[in-house]
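Undergrad: Protein chains in written order, with our numbering: chain A, 2 to 492; chain B, 17 to 329. Ideal Cβ placement from N, Cα and C applies to all residues, glycine included. This is the structure I have questions about; it appears just below.
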Amino acid sequence: MRKLINVIINEYVKILLKLSTIVMLIAVFLVALAYNGIMLITNRMQQKWFINIDAYYGTYDDQIARLKSSKSEGWETQVEILTYLKDNDIPQNYLDDDHWMQTAVYAMFDKKDEAKAFSEAGETKKADKALKTADEFEKAVAARDWKAYNRANVMVAQANLDNNDYSGVKSTYWRTDEYFEVLLWRAQYQAEHEIPPIETHWKNRLLSGVMSQKCSLVGLTVVPEAERDREAIAKAERKIMLWEYRLENDIRVDSSEYGGITSQVDDSSTSTGFGFWRVFAGTPRGITFISVMIIIIAGSVISSEFSTGTIKYLLVNPVKRYKIFIAKYVSVLSFAFLMLFAYYLFNVLLSGLIFGFDDLGAPYLYVSNGEVAEGSSFLFVASKYLIASVGMICMATLSFAVSSLARSSALSIGLGVFLYLSGYSVAAVMSGLDIDFGRYIIFANLELNEISEGISLFKGQTLTFAIAVIGVYMTVFLLTAWDGFVRRDVK
Amino acid sequence: METVLKIENLTKKFNKRVILDNISLDAYAGEVFGFLGPNGAGKTTTIKIITGLLDADGGKVEINGFDVGKRFEKAMENIGAIVENPELYGYMSGLRNLRQFKRLRNGVTEERLMETVRFVGLENRIKDKVKRYSLGMKQRLGVAQAILHRPRLLVLDEPTNGLDPAGIKELRDILKKLAHEDGAAVFVSSHLLSEMEMMCDRVGIISQGCLIAVKPIKELMAQAAGDMVYRFTVRSVEKALKIIASMEEIPSESIRESGERHFDVCVESEETIAQITAKLAGAGIGITGVAPLEKSLEDIFMEITGKGGNQIA
Chain A
2 MRKLINVIIN
12 EYVKILLKLS
22 TIVMLIAVFL
32 VALAYNGIML
42 ITNRMQQKWF
52 INIDAYYGTY
62 DDQIARLKSS
72 KSEGWETQVE
82 ILTYLKDNDI
92 PQNYLDDDHW
102 MQTAVYAMFD
112 KKDEAKAFSE
122 AGETKKADKA
132 LKTADEFEKA
142 VAARDWKAYN
152 RANVMVAQAN
162 LDNNDYSGVK
172 STYWRTDEYF
182 EVLLWRAQYQ
192 AEHEIPPIET
202 HWKNRLLSGV
212 MSQKCSLVGL
222 TVVPEAERDR
232 EAIAKAERKI
242 MLWEYRLEND
252 IRVDSSEYGG
262 ITSQVDDSST
272 STGFGFWRVF
282 AGTPRGITFI
292 SVMIIIIAGS
302 VISSEFSTGT
312 IKYLLVNPVK
322 RYKIFIAKYV
332 SVLSFAFLML
342 FAYYLFNVLL
352 SGLIFGFDDL
362 GAPYLYVSNG
372 EVAEGSSFLF
382 VASKYLIASV
392 GMICMATLSF
402 AVSSLARSSA
412 LSIGLGVFLY
422 LSGYSVAAVM
432 SGLDIDFGRY
442 IIFANLELNE
452 ISEGISLFKG
462 QTLTFAIAVI
472 GVYMTVFLLT
482 AWDGFVRRDV
492 K
Chain B
17 METVLKIENL
27 TKKFNKRVIL
37 DNISLDAYAG
47 EVFGFLGPNG
57 AGKTTTIKII
67 TGLLDADGGK
77 VEINGFDVGK
87 RFEKAMENIG
97 AIVENPELYG
107 YMSGLRNLRQ
117 FKRLRNGVTE
127 ERLMETVRFV
137 GLENRIKDKV
147 KRYSLGMKQR
157 LGVAQAILHR
167 PRLLVLDEPT
177 NGLDPAGIKE
187 LRDILKKLAH
197 EDGAAVFVSS
207 HLLSEMEMMC
217 DRVGIISQGC
227 LIAVKPIKEL
237 MAQAAGDMVY
247 RFTVRSVEKA
257 LKIIASMEEI
267 PSESIRESGE
277 RHFDVCVESE
287 ETIAQITAKL
297 AGAGIGITGV
307 APLEKSLEDI
317 FMEITGKGGN
327 QIA
């Protein structure tokens with residue numbers, strides 16, 4: 002055992018002292034740097050785009066002048082509103098935290114119109130209520146009090162439900178009541194939980210998300226029970242559960258938003274922009290570069306000893322050949338995982354430095370037995386890393402086997418890297434041509450992430466099947482490598 | 017004498033072609049054993065079987081009593097080797113190379129490692145990368161890795177290949193010291209008799225996979241010296257030959273014209289050479305050179321095999 006460990010140490014020394022390894026290491030970390038950099042630039046560019054759109058509208062005075070010259074329909078009312086906005090110094094940038102005030106002013110004028118319509122129709126009670134609501138909006142704006150605005154919104158939603166109409170127009174929608182109930186729920190929730198009516202506020206966004214999911218649930222359950230899309234319903238219900246849980250527990254960031262083993266959420270409207278987890282959860286893509294590096298090392302760890310002639314000096318030691326074989330394979334594998342780990346830590350550090358470490362404690366939310374549970378986000382990303390490394394390990398083993406059998410670095414590295422990069426396409430082509438035995442090709446089984454979600458190249462490919470196929474291939478690769486190294490003469 | 021290396025009935029075939037045919041020999045502690053034979057005779061194959069790089073098809077090799085095939089690790093603990101060229105990891109320093117071997121062998125301390133470095137005279141360059149070493153330095157580093165763990169048996173395959181004369185002498189001294197002072201058995205292969213003569217105590221001669229003879233180097237040299245050939249360089253070969261033909265003690269078949277300016281004479285004793293020289297000088301033939309010709313390995317094979325079965329080991 003001590004000898005085995007010493008051989009592994011020797012292999013590590015050999016791997017790490019090679020110039021090619023150092024160059025590759027630098028390349029891998031440059032890739033991580035580039036990925037984070039691109040994310041940062043994308044983020045900045047998005048913000049710039051939003052800020053520029055602000056200049057598009059012009060000031061209130063500009064807008065009033067435009068309306069006066071065009072005299073388009075209803076321009077008088079528009080001018081009245083704009084003048085009110087101008088007189089009360091209401092900011093107009095819709096990314097601004099005070100943007101709700103503009104909405105409130107519009108709502109106020111709406112309600113005033115409504116009141117007029119009701120009183121003309123002789124419904125004094127409703128007219129009074131509408132006027133009162135308009136008054137509430139006006140007070141909220143005057144006091145710059147968004148909580149009062151939230152409460153006024155509840156009144157609007159209640160009135161809509163009671164009247165079963167919207168803005169004075171009798172609705173002809175089917176099952177409008179249920180929709181209005183959802184809207185009322187939202188307004189009440191926002192008021193009760195004091196969620197700021199700010200467009201960009203995460204809670205507000207999340208609440209909008211829950212509302213839209215509830216609305217789509219109403220639509221999904223319209224059809225008779227037997228015809229319902231159960232999958233879509235389950236998906237919507239899961240989203241509602243997760244998002245409500247986040248609102249209740251004040252969880253701003255949930256890493257499961259950024260793709261999972263079983264992707265639960267794909268609605269990006271609720272995600273919180275380019276935060277730490279969004280960027281960090283995207284880093285498994287860079288594992289391709291580590292994979293190529295590991296395949297190169299695996300393909301040369303045996304054959305380079307033959308090409309330089311050092312194999313004779315390696316084998317003339319009091320260590321049995323099979324121990325050297327095991328040590329070489331273990332070294333490659335452990336080096337691969339060390340690289341993944343280093344890459345993982347490096348990305349935590351890099352994404353943290355660029356996007357902030359504030360969200361580090363964010364959980365990974367999932368539904369288990371009908372309840373929301375919190376998992377570790379770090380483990381979640383780690384699992385993404387591991388799944389992304391399955392293909393790497395298989396192709397590194399293939400490269401190792403070819404290297405042991407042919408004793409040629411060029412062949413083993415070339416074959417390993419080529420198959421790693423093109424194998425999936427081969428399987429995809431076979432799938433496209435309906436060649437069914439393609440399912441027994443290893444490349445059709447390496448995307449465990451998708452297969453576990455039920456997405457596969459061939460019909461009825463399960464996770465168990467994929468793992469079994471991978472197991473068979475790995476056994477063949479390793480036996481071939483063993484035979485080539487342990488049993489054959491060194492000429 | 018303690019037997020360190022024991023080879024018994026060793027046979028090896030590559031695709032039915034017999035490379036080694038029933039070879040048996042022993043090498044003892046404290047001696048340098050020369051394994052002599054032309055290129056392609058099976059020297060490297062034998063060494064590769066001794067070091068476990070190849071498996072034998074028949075027979076066995078024991079090192080310090082341990083069968084290489086059956087108790088590989090025990091046998092290898094007692095062996096140090098340079099097979100073919102001293103190829104070590106060029107991208108590492110000499111020291112790192114030696115540490116690679118240190119980790120795989122028992123009981124090598126850092127002090128022993130530095131002692132070995134000093135022994136082969138590499139202390140000034142040991143931290144340089146091996147790819148910057150000259151061939152002689154690589155050979156010395158090869159020796160260092162081979163003797164690191166004080167093996168009972170040292171096996172070297174054509175160790176003087178490519179070395180300059182100074183390097184050869186250095187290596188020769190190192191090997192002699194290891195055998196005669198430290199009591200190791202040194203097993204050296206070569207295709208040059210002259211080299212073996214200066215280095216070895218005993219030699220085994222191999223030709224086409226068969227071991228022809230095993231005998232002390234002195235005995236072999238004496239046998240080879242039984243008939244001596246001298247080359248005379250003279251102003252006029254024609255006149256000289258006439259004079260020699262008149263000498264009764266020299267049979268005509270022992271004289272051979274070998275060029276425009278020289279001829280060879282085969283004699284049984286050096287006395288005859290003195291007589292010829294005196295006679296030629298007396299007759300006024302200008303002698304510009306008299307030199308003994310070294311016999312080729314092939315000549316010796318011919319002699320040993322030609323002089324009957326009693327000489328074959």
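If you draw a straight line from the alpha carbon of A/Ala-105 to that of A/Phe-138, how long is it in whole angstroms?
TA: Roughly 6 Å separates the two Cα atoms.
Undergrad: Taking all protein chains shown into account, decide if A/Asp-435 is buried (16 or more other Cβ within 10 angstroms of its Cβ) or exposed.
TA: Classification for A/Asp-435: exposed.
Undergrad: Out of A/Gln-189, A/Ile-252, A/Asn-89, which has the shortest C-alpha to C-alpha gap to A/Ala-141?
TA: Nearest option by C-alpha distance: A/Asn-89.
Undergrad: State the Cα-Cα distance for the pair B/Met-17 and B/Pro-308, rounded to the nearest angstrom.
TA: Approximately 36 Å between the Cα atoms of the pair.
Undergrad: To the nearest angstrom, how far is it from the Cα of A/Gly-415 to the Cα of A/Ser-292?
TA: Taking the straight line from one Cα to the other gives about 13 Å.
Undergrad: Can you pull the chain B neighbours of A/Thr-311, defined as C-beta to C-beta under 7 Å?
TA: The answer, in chain order, is Glu-103, Leu-104, Tyr-105.
Undergrad: What are the uninterrupted segments assigned as beta strand (DSSP E) that are 3 or more residues long and contained completely in the stretch 41 to 91 of chain B, given in chain order?
TA: Runs of the beta strand (DSSP E) inside the stretch 41 to 91 of chain B: 48 to 52, 74 to 79.
Undergrad: Take the Cβ of B/Gly-81 as the centre, count every other Cβ of all protein chains shown within 10 Å, and call the residue buried at 16 or more, exposed below.
TA: Classification for B/Gly-81: exposed.
Undergrad: So, at 6 Å on beta carbons, what are the nonlocal neighbours of B/His-165 in its own chain, with the 5 sequence-adjacent residues on each side left out?
TA: Excluding residues within five positions, the ones whose Cβ falls inside 6 Å are Arg-121, Val-124.
Undergrad: Does the CB of B/Leu-138 have a neighbour CB from chain A at under 8 Å?
TA: Chain A contact via Cβ: absent.
Undergrad: Taking 7 Å as the cut-off, is the C-beta of A/Thr-284 nearer than that to any heavy atom in the ligand ZN?
TA: Ligands are entirely absent from the displayed structure, and the ligand ZN is therefore not among its contents.
Undergrad: Within its chain, find whatever has a CB closer than 6 Å to the CB of A/Thr-1; leave out the 5 residues flanking it on each side and keep chain order.
TA: The structure shown has nothing for residue 1 of chain A, since chain A only spans 2 to 492.
Undergrad: When you compare only the Cα positions, how much space is there between A/Tyr-474 and A/Cys-216?
TA: Near 49 Å, if we compare the C-alpha coordinates of A/Cys-216 and A/Tyr-474.
Undergrad: Can you tell me whether B/Leu-21 is helix, strand or coil according to DSSP?
TA: In the structure shown, B/Leu-21 sits in a strand (DSSP, three-state: E or B).
Undergrad: Which residues, in chain order, does the stretch 3 to 26 of chain A contribute to contact with chain B at a C-beta distance below 8 Å?
TA: Residues passing the 8 Å Cβ filter: Lys-4, Asn-7, Val-8, Ile-10, Asn-11, Val-14, Lys-15, Leu-18, Lys-19, Leu-20.
Undergrad: Using 8 Å for Cβ pairs, my map puts B/Ile-65 next to B/Ala-72. What's the rounded Cβ distance?
TA: Rounded, the Cβ-Cβ distance is 5 Å, consistent with contact.
Undergrad: Smallest Cα separation from B/Met-263: which of B/Ser-252, B/Ile-292, B/Arg-188, B/Val-133?
TA: Out of B/Ser-252, B/Ile-292, B/Arg-188, B/Val-133, B/Ile-292 has the C-alpha closest to the C-alpha of B/Met-263.
Undergrad: Hey, is A/Asn-370's beta-carbon within less than 8 Å of any beta-carbon in chain B?
TA: It does not; no Cβ of chain B falls within 8 Å.
Undergrad: So, helix, strand or coil for B/Lys-231, using DSSP?
TA: B/Lys-231: strand per DSSP, three-state reduction.
Undergrad: Does the beta carbon of B/Ile-95 come closer than 8 Å to any beta carbon on chain A?
TA: B/Ile-95 counts as touching chain A.
Undergrad: Are B/Leu-169 and B/Ile-79 closer than 8 Å when you measure CB to CB?
TA: It is a contact, given that the beta carbons lie within the stated cut-off.
Undergrad: Identify whether A/Thr-463 lies in helix, strand or coil by the three-state DSSP scheme.
TA: Coil at A/Thr-463, not helix or strand.
Undergrad: Taking the C-alpha atoms as reference points, what is the distance between A/Ala-389 and A/Asn-348?
TA: Each residue's alpha carbon lies about 16 Å from the other.
Undergrad: Okay, do the stretch 282 to 291 of chain A and the stretch 314 to 327 of chain A touch, 3+ Cβ pairs below 8 Å being the bar?
TA: With the cut-off at 8 Å, the stretch 282 to 291 of chain A and the stretch 314 to 327 of chain A do not touch.
Undergrad: Just to check my reading of the structure: A/Leu-83 and A/Tyr-58 have Cβ atoms closer than 8 Å, yes? What is that Cβ distance to the nearest angstrom?
TA: No, A/Leu-83 and A/Tyr-58 are not in contact; Cβ-Cβ is about 11 Å, not under 8 Å.
Undergrad: Go to A/Asp-88, then tell me how far its alpha helix (DSSP H) extends in each direction, as first and last residue.
TA: Where A/Asp-88 is concerned, the enclosing alpha helix (DSSP H) stretches over 76 to 88.
Undergrad: Shorter than 8 Å from the beta carbon of A/Leu-316 to some beta carbon of chain B?
TA: By this cut-off, A/Leu-316 is an interface position.
Undergrad: Of the choices B/Ala-182, B/Pro-181, B/Phe-203, B/Asp-180, whose alpha-carbon is the least far from that of B/Leu-191?
TA: Looking at the Cα atoms, B/Phe-203 is the closest of the given residues.
Undergrad: Helix, strand or coil for A/Asp-114, going by three-state DSSP, please let me know.
TA: A/Asp-114 falls in the helix class under three-state DSSP.
Undergrad: I need the DSSP call for B/Ile-303, collapsed to helix, strand or coil.
TA: In the structure shown, B/Ile-303 sits in a strand (DSSP, three-state: E or B).
Undergrad: Could you name the residues that DSSP lists as bridge partners for B/Leu-273?
TA: Checking the sequence shown, residue 273 of chain B turns out to be Glu, not Leu. DSSP, once it has assigned bridges, lists B/Phe-279 as partnering B/Glu-273.
Undergrad: In terms of DSSP beta bridges, what is A/Met-156 paired with?
TA: In the DSSP output, where bridge partners are listed per residue, A/Met-156 has none listed.
Undergrad: In the DSSP assignment, find the unbroken alpha helix (DSSP H) run with A/Ala-144 in it and report its ends.
TA: No alpha helix (DSSP H) holds A/Ala-144; DSSP gives it neither H nor E.
Undergrad: List the DSSP bridge partners of B/Cys-226.
TA: In DSSP, B/Cys-226 forms a bridge with B/Ser-223.
Undergrad: Provide the residue span of the beta strand (DSSP E) that contains B/Gly-96, from first to last.
TA: Segment 95 to 98, the beta strand (DSSP E) holding B/Gly-96.
Undergrad: Using a threshold of 8 Å, state whether the C-beta atoms of B/Gly-183 and B/Leu-52 are closer than that.
TA: No; because the gap between Cβ atoms is not below 8 Å, this pair is not in contact.
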